[in-house]
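Offset between the sequence shown (1-based) and the working numbering: plus 19.
We put the CB at the ideal spot given by N, CA and C, even for glycine.
Bear in mind that the values here come from a model prediction, so they are computed numbers and not experimental data.
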Amino acid sequence: MLAACLPLMEESRIEAIEWSFDALYKVKEVPAWFRELLTAFSNEKRLIGHGVFFSLFSGKWLPEQESWLKHLEQTTDEFHFDHITEHFGFMTGKDFHHGAPLNIPYTTATLNIGRDRLKRIHEACGRPVGLENLAFSYSLDEVKRHGAFLEQLLEPVNGFIILDLHNLYCQLRNFDISFDEMIALYPLDRVREIHISGGSWDDSAAVPNRRIRRDTHDDAVPPEVFQLLEMTMARCPHLKYVVLEQLGNGLETATSKQCFYNDFLQMEEIVRKNSDDNDADTPDPFLPLSPLSTDTAIEDMILYQQQLELSAILESSDSYAQAMDALRQSSLANSDWKIEQWEPYMIETAVKIARKWKK
20 MLAACLPLME
30 ESRIEAIEWS
40 FDALYKVKEV
50 PAWFRELLTA
60 FSNEKRLIGH
70 GVFFSLFSGK
80 WLPEQESWLK
90 HLEQTTDEFH
100 FDHITEHFGF
110 MTGKDFHHGA
120 PLNIPYTTAT
130 LNIGRDRLKR
140 IHEACGRPVG
150 LENLAFSYSL
160 DEVKRHGAFL
170 EQLLEPVNGF
180 IILDLHNLYC
190 QLRNFDISFD
200 EMIALYPLDR
210 VREIHISGGS
220 WDDSAAVPNR
230 RIRRDTHDDA
240 VPPEVFQLLE
250 MTMARCPHLK
260 YVVLEQLGNG
270 LETATSKQCF
280 YNDFLQMEEI
290 VRKNSDDNDA
300 DTPDPFLPLS
310 PLSTDTAIED
320 MILYQQQLEL
330 SAILESSDSY
340 AQAMDALRQS
350 SLANSDWKIE
360 QWEPYMIETA
370 VKIARKWKK
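Encoded structure:
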């Protein structure tokens, strides 16, 4: 990643850095050069923080979540973040750092848990708080309800959305829905940040001739995602950041590094053409409008047990058929999860995701 970014830094093209601040849990000591890089962008108020492992919708309040918040509080004491964000969903797997972020049922219970956790994130960092839209859904109904549910979640903290356009692309392709129909379902006045990235295709065994778009972050940005960026920017009045994401394991060759450089320049040009500085000197639109209070953490043990059950089924199944058979016999059957509406090719994909993260 550093090797791919150096030419852009040498040309002074990188205007801000997004740091996944909780991804260094295996690193005992952060290198001095990296701390200096973070500090330089922090001092200019051009550093933003992105969480990966909080598991926002876990039905049980976990000790690891408490530790995550303490780590966030310490990190925000050291660096000035312009905002802090997290992923939507809950993490599968018993180990807090080995699980896949998957969707949850859109119910009053999950809404209350999500709101509670977002308040705690804001309490720990004191900065605007946001959520990233999901790349994965089990059904078209979930896809269509996602934007409205995000808006309900964010309301108490007056939070914002990271609109990940590759995630949106995954949903568009996996559920054969049009961009115009999809984008109308999102509260675009809450978009403060946009992500673009690449991914990969999977062939479905459960549904022959069906290809699944996966958000694997290991390839160049598709032309379609750049088109989505062109179509979306002007619709987001409070947009402040556009971020190019890619994992280091997709940047190991000279060709992949050059593609990353070219993708950045194409993103830069689109941003330049569509930028609007009207918001530049206005107060931050995404801070809580009134004081927040957090008491005992909200829990739902039935939801938590269902999450454990779902994780175990996905991680242990070898196929869609095996997973579906287990789901029909589980406590998720005839419940708010609506497993009866789940697409076979998305259950198959969930099995692949869970088994990959478990490894």
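*asked:* Alpha carbons only, please: which of L329, Q325, Q246, D337 is nearest the one belonging to N293?
replied: As a working note, residue 293 is residue 274 in the sequence shown. When only C-alpha atoms are compared, the closest one is Q246.
*Assign A203 to one of two classes, buried (16 or more other C-beta atoms within 10 Å of its C-beta) or exposed (fewer than that).*
As a position in the sequence shown, residue 203 is number 184, starting the count at 1. Burial state of A203 is exposed, judged by a 10 Å Cβ sphere holding fewer than 16 other Cβ atoms.
*Since Y323 contacts G78 with CB under 8 Å, what's their CB separation in whole angstroms?*
In the sequence shown, counting from the first residue as 1, residue 323 sits at position 304. In the sequence shown, counting from the first residue as 1, residue 78 sits at position 59. About 3 Å; that satisfies the 8 Å criterion.
_Tell me the DSSP secondary structure of W38 in three-state form._
Residue numbering aside, residue 38 sits at position 19 when the sequence shown is read from its first letter. Here W38 sits in strand by DSSP.
_Start-to-end residues for the alpha helix (DSSP H) that takes in E249_ = Translated into positions along the sequence shown, residue 249 becomes position 230. Run containing E249: 242-251, per the alpha helix (DSSP H) assignment.
*D195 versus L57, R232, L270, residue with shortest Cα-Cα distance*: As a working mapping, residue 195 is identified with position 176 in the sequence shown. Nearest of L57, R232, L270 to D195, Cα basis: R232.
*Just how far apart, CA to CA, sit Q360 and S158?*
The count along the sequence shown starts at 1 and reaches residue 360 at position 341. The count along the sequence shown starts at 1 and reaches residue 158 at position 139. So the two alpha carbons sit approximately 6 Å from each other.
*Which same chain residues, not among the five before or five after L351, have their C-beta less than 7 Å away from its C-beta?*
Counting from 1 along the sequence shown, the entry for residue 351 is found at position 332. Q325, E328, L329, I358.
*Can you tell me whether P120 is buried or exposed, with buried defined as 16 or more other CB within 10 angstroms of its CB?*
Counting from one through the sequence shown, the residue named residue 120 turns up at place 101. P120 counts as buried, since at least 16 other C-beta atoms from the protein chains shown sit within 10 angstroms of its C-beta.
*In this structure, what does DSSP give as the bridge partners for I7?*
Because the chain here runs from 20 to 378, residue 7 falls outside it and cannot be looked at.
*Any idea if Y44 is buried or exposed, counting beta-carbon neighbours within 10 angstroms, 16 or more meaning buried?*
For this step, residue 44 is matched to residue 25 along the sequence shown. With fewer than 16 Cβ atoms within 10 Å of its Cβ, Y44 is classed as exposed.
*In whole angstroms, what separates the C-alpha of F109 from that of I132?*
The count along the sequence shown starts at 1 and reaches residue 109 at position 90. The count along the sequence shown starts at 1 and reaches residue 132 at position 113. Spanning the two alpha carbons is a distance of roughly 11 Å.
*Exposed or buried, which one is F53 when buried takes at least 16 other CB atoms within 10 Å?*
In the sequence shown, counting from the first residue as 1, residue 53 sits at position 34. So F53 counts as exposed.
*Hey, quick one: how far does the beta strand (DSSP E) through F179 stretch, first residue to last?*
Taking the sequence shown and counting its residues from 1, the one referred to as residue 179 is at position 160. Its beta strand (DSSP E) spans residues 179-183.
*Buried or exposed: G267, going by 16 or more other Cβ atoms within 10 Å of its Cβ?*
Translated into the one-based positions of the sequence shown, residue 267 becomes position 248. Exposed: under 16 other Cβ atoms inside 10 Å.
_For a test of the three-state rule: what should DSSP assign to T272, helix, strand or coil?_
In the sequence shown, counting from the first residue as 1, residue 272 sits at position 253. Correct three-state label for T272: coil.
*How close, in whole Å, do the beta carbons of N152 and N186 come, if the pair is a contact with beta carbons under 8 Å?*
What you label residue 152 is simply residue 133 of the sequence shown in a count that begins at 1. What you label residue 186 is simply residue 167 of the sequence shown in a count that begins at 1. Beta-carbon to beta-carbon, N152 and N186 are separated by about 5 Å, close enough to satisfy the 8 Å threshold.
*Alpha carbon to alpha carbon, how far is D355 from K64? Give it in angstroms, no decimals.*
Position 45 of the sequence shown holds residue 64. Position 336 of the sequence shown holds residue 355. The alpha-carbon atoms of K64 and D355 are separated by roughly 43 Å.
*Answer yes or no: do A143 and L88 have a C-beta to C-beta separation smaller than 9 Å?*
Counting from one through the sequence shown, the residue named residue 143 turns up at place 124. Counting from one through the sequence shown, the residue named residue 88 turns up at place 69. Yes, these two residues count as a Cβ contact at 9 Å.
*Within its chain, find whatever has a CB closer than 6 Å to the CB of S74; leave out the 5 residues flanking it on each side and keep chain order.*
For the purposes of this step, residue 74 is taken as residue 55 along the sequence shown, with counting starting at 1. Here the set comprises F109, M110.
*Rank A154, I289, S275 by C-alpha distance to the C-alpha of I372 and give the top, closest one.*
By 1-based counting over the sequence shown, the position of residue 372 is 353. Nearest C-alpha to I372: A154.
*Just the Cα atoms here: how many angstroms apart are P363 and A253?*
Residue 363 sits at position 344 when you count from the first residue of the sequence shown. Residue 253 sits at position 234 when you count from the first residue of the sequence shown. P363 and A253: Cα-Cα distance of roughly 36 Å.
*Where does W356 fall in DSSP's three states?*
Indexing the sequence shown from 1 puts residue 356 at position 337. W356: coil per DSSP, three-state reduction.
_Nearest-angstrom beta carbon gap, L207 and L172 [assumed within contact, 8 Å]_ = For the purposes of this step, residue 172 is identified with residue 153 of the sequence shown, where counting begins at 1. For the purposes of this step, residue 207 is identified with residue 188 of the sequence shown, where counting begins at 1. Incorrect: roughly 16 Å between the Cβ atoms, too far for contact.
_Secondary structure of D337, DSSP reduced to three states_ = As a first step, residue 337 is located in the sequence shown; it is residue number 318 there, counting from the start. Looking at D337 - three-state DSSP - the assignment turns out to be coil, as it is neither helix nor strand.
*asked:* Using only the alpha-carbon positions, how far apart do E55 and N62 sit?
replied: On the sequence shown, position 36 is the one that residue 55 refers to. On the sequence shown, position 43 is the one that residue 62 refers to. Cα to Cα, the separation comes out at about 10 Å.
*Answer with buried or exposed for E30, where buried requires no fewer than 16 other C-beta atoms within 10 angstroms of its C-beta.*
Taking the sequence shown and counting its residues from 1, the one referred to as residue 30 is at position 11. With fewer than 16 other Cβ atoms inside 10 Å of its own Cβ, E30 counts as exposed.
*Which listed residue (M28, P124, A316) has its alpha carbon closest to that of R164*: Counting from one through the sequence shown, the residue named residue 164 turns up at place 145. Looking at M28, P124, A316, the one whose alpha-carbon comes closest to that of R164 is P124.
*Return the chain-ordered list of same chain residues with a C-beta closer than 6 Å to the C-beta of A395, the five sequence neighbours on each side being excluded.*
For residue 395 there is no data in the structure shown, the boundaries of the chain being 20 and 378.
*When the Cα atoms are used, what is the spatial distance from H236 to P307?*
Within the sequence shown, numbered from 1, the residue matching residue 236 stands at position 217. Within the sequence shown, numbered from 1, the residue matching residue 307 stands at position 288. Roughly 32 Å between the two C-alpha positions.
*To the nearest angstrom, report how far apart W220 and A239 are at their CA atoms.*
Walking along the sequence shown from the start, residue 220 turns up at place 201. Walking along the sequence shown from the start, residue 239 turns up at place 220. Taking the CA atoms as reference points, W220 sits about 13 Å from A239.
*asked:* Please classify E367 as buried or exposed, where buried requires at least 16 neighbouring CB atoms within 10 angstroms.
replied: Within the sequence shown, the letter at position 348 stands for residue 367. That one is buried.
_Strand pairing of M320, partner residues [DSSP]_ = Numbered from 1 along the sequence shown, position 301 holds the residue referred to as residue 320. Beta-bridge pairing links M320 to no other residue.
*Report yes if the CB atom of G217 is closer than 9 Å to the CB atom of V244, and no otherwise.*
For this step, residue 217 is matched to residue 198 along the sequence shown. For this step, residue 244 is matched to residue 225 along the sequence shown. Yes. Within cutoff.
*Mind checking which residues open and close the alpha helix (DSSP H) that includes R229?*
Here the question's residue 229 lines up with position 210 in the sequence shown. Element bounds for R229: n/a, residue is neither H nor E.
*Helix, strand or coil: how does DSSP classify H116 here?*
In the sequence shown, residue 116 corresponds to position 97, counting from 1. Confidence in H116 is poor, its pLDDT being 47 and thus under 50, which makes the residue's placement unreliable; the coordinate value appears in the next sentence. Looking at H116 - three-state DSSP - the assignment turns out to be coil, as it is neither helix nor strand.
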